[in-house]
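Numbering (the numbering used here), first residue to last: 613 to 689.
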């Protein structure tokens, strides 16, 4: 099963919502929200779970999706 992580607009900032998490992480910057989503996806992949990041625009459109399979880094550091 793929663990979904969503970066979406929230008031004047951005939220990172994750399957199984009770609370969203909130950021003023979209870049910081995306970085947090990548970090979470990397941790999940390192623990053997698949992760998918969805980036949503303020107009409600899906801008991008990234899949991080188990054991594979999504982005190089």
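All C-beta atoms, glycine included, are put in the ideal place defined by N, C-alpha and C.
Extent of the continuous beta strand (DSSP E) run through residue i
| i | result |
| --- | --- |
| residue 638 | 637-639 |
| residue 633 | No beta strand (DSSP E) holds residue 633; DSSP gives it neither H nor E. |
| residue 677 | 674-680 |
| residue 663 | 662-668 |
Close Cβ partners of residue i (< 6 Å) along its chain, the five nearest in sequence each way excluded
| i | result |
| --- | --- |
| residue 629 | 618, 636 |
| residue 621 | 670 |
| residue 688 | Interpretation of residue 688 is limited by its pLDDT of 48, a score under 50 that renders its predicted location unreliable; the figure taken from the coordinates is listed afterwards. Hits under 6 Å: none found. |
| residue 665 | 617, 649, 653, 678 |
Cα-Cα separation, residue i to residue j
| i | j | result |
| --- | --- | --- |
| residue 656 | residue 649 | 11 Å |
| residue 703 | residue 676 | This structure gives no information on residue 703, because the portion of the chain shown stretches from 613 to 689. |
| residue 615 | residue 659 | 12 Å |
| residue 668 | residue 674 | 5 Å |
| residue 644 | residue 651 | 10 Å |
Limits of the unbroken alpha helix (DSSP H) element including residue i
| i | result |
| --- | --- |
| residue 651 | 642-658 |
Contact set for residue i: own chain, Cβ-Cβ below 7 Å, skip 5 residues either direction
| i | result |
| --- | --- |
| residue 638 | 622, 625, 627 |
Proximal residues to residue i (C-beta, below 8 Å), its chain only, five neighbours per side dropped
| i | result |
| --- | --- |
| residue 680 | 653, 654, 656, 657, 662, 663, 664, 665, 686 |
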